[in-house]
Amino acid sequence: AILAKANFYNAVHSCYAELPFGQAPLAVFPNPETIVHFIPFACGSYVMDVGANGVVNVFGRKYQMTAAQLLEQFGEENLPATVKNALRSGDKYSTRFTVCFLAEPNKEYKEDSPKQEDMPYRVMYWVDGSAENEWLHIGGCHEFPIKVARYLVTGLEPYAKGAGWFAEGD
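Start counting at 1 in the sequence shown, then tack on 8, and there's your number in the working numbering.
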């Protein structure tokens, strides 16, 4: 019932279309309305890396959002000055900003801490080009939030190869 209420079935369908190119990442984030929300990613729209065990544990991407979308997702108190200026000047739908997202192991993990930023995995959002201390959000997760199905993996390579790679010459 939870998967049906969320967008899981549409998201996983997109992942199946990506897997022939080697990998199919799927983000799993909490959502107050549907309990969970899934985000599939298209090939070439992200970067990733693996840990010493060969499992994907670093995932990053850049994408565009309007000032209105940033306000809705992160709240006005978390917006950098450039976004707040766009909101005040009436450019909330026309001005687009590049948002950076990074999920990685948290080197400052504190096992007994109740704080989100002390969890085993850190999740960060910021507007590209904003000041060093202007974060849209810094949070954390108990589990790595990006699940990545990979087709043919060689050693510790983060990117796999799929049937699409071998059919490319045809």
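No residue lacks a Cβ here, since even glycine has one placed at the ideal position from N, Cα and C.
Bear in mind that the values here come from a model prediction, so they are computed numbers and not experimental data.
(request) Please go through the same chain and pick out, in chain order, the residues whose beta-carbon is closer than 8 Å to the beta-carbon of Arg104, but skip the five residues on each side of it. (result) As a position in the sequence shown, residue 104 is number 96, starting the count at 1. The residues are Gln72, Met73, Thr74.
(message) Buried or exposed for Ile10, going by 16 or more other Cβ atoms inside 10 Å?
(response) Translated into the one-based positions of the sequence shown, residue 10 becomes position 2. Ile10 comes out exposed.
(message) Counting C-beta neighbours from all protein chains within 10 Å, is the total for Gly170 16 or more, i.e. buried, or is it exposed?
(response) Within the sequence shown, residue 170 is the residue found at index 162, counting from 1. Classification for Gly170: buried.
(message) For Val64 and Asp57, I'd like the C-alpha separation in whole angstroms.
(response) For the purposes of this step, residue 64 is taken as residue 56 along the sequence shown, with counting starting at 1. For the purposes of this step, residue 57 is taken as residue 49 along the sequence shown, with counting starting at 1. Going from the Cα of Val64 to the Cα of Asp57 covers about 6 Å.
(message) Under DSSP, the beta strand (DSSP E) around Glu26 begins and ends at which residues?
(response) Within the sequence shown, numbered from 1, the residue matching residue 26 stands at position 18. From DSSP, Glu26 is part of no beta strand (DSSP E) but of the alpha helix (DSSP H) over 16-26.
(request) Run the CB neighbour count on Pro4, radius 10 Å, all protein chains shown included, and call it buried at 16 or more, exposed below. (result) Because the chain is modelled from 9 through 178, residue 4 falls outside the range shown and cannot be assessed.
(message) Using a Cβ distance threshold of 8 Å, determine whether the region 161-169 contacts the region 80-88, with at least three qualifying pairs required.
(response) At 8 Å Cβ cutoff, the stretches do not touch.
(message) I'd like the span of the beta strand (DSSP E) that includes Phe182, first residue to last.
(response) Outside the shown range of the chain (9 to 178) lies residue 182, about which nothing can therefore be said.
(message) Here's the rule: buried if 16 or more other CB atoms are within 10 angstroms of the residue's CB, otherwise exposed. What is Gly7?
(response) Here the chain covers residues 9 to 178 and nothing more, so residue 7 does not appear.
(message) Within a Cβ cutoff of 6 Å, which residues of the same chain sit near Val55, ignoring the five residues on either side of it in sequence?
(response) Residue 55 sits at position 47 when you count from the first residue of the sequence shown. Spatial neighbours of Val55 in its own chain (CB-CB distance under 6 Å, excluding positions within 5 residues in sequence) are listed in chain order as Gly68.
(request) With a threshold of 16 other CB atoms inside 10 Å of the CB of Pro33, please say whether the residue is buried or exposed. (result) The residue given as residue 33 occupies position 25 in the sequence shown. It is buried - the Cβ of Pro33 has at least 16 other Cβ atoms within 10 Å.
(request) Grab me the residues of Ser22's own chain with a C-beta within less than 7 Å of its C-beta, minus the 5 sequence neighbours each way, in chain order. (result) On the sequence shown, position 14 is the one that residue 22 refers to. Taking Ser22 as the centre and dropping the five residues before and after it, the same chain places the C-beta of Pro48 closer than 7 Å to its C-beta, in chain order.
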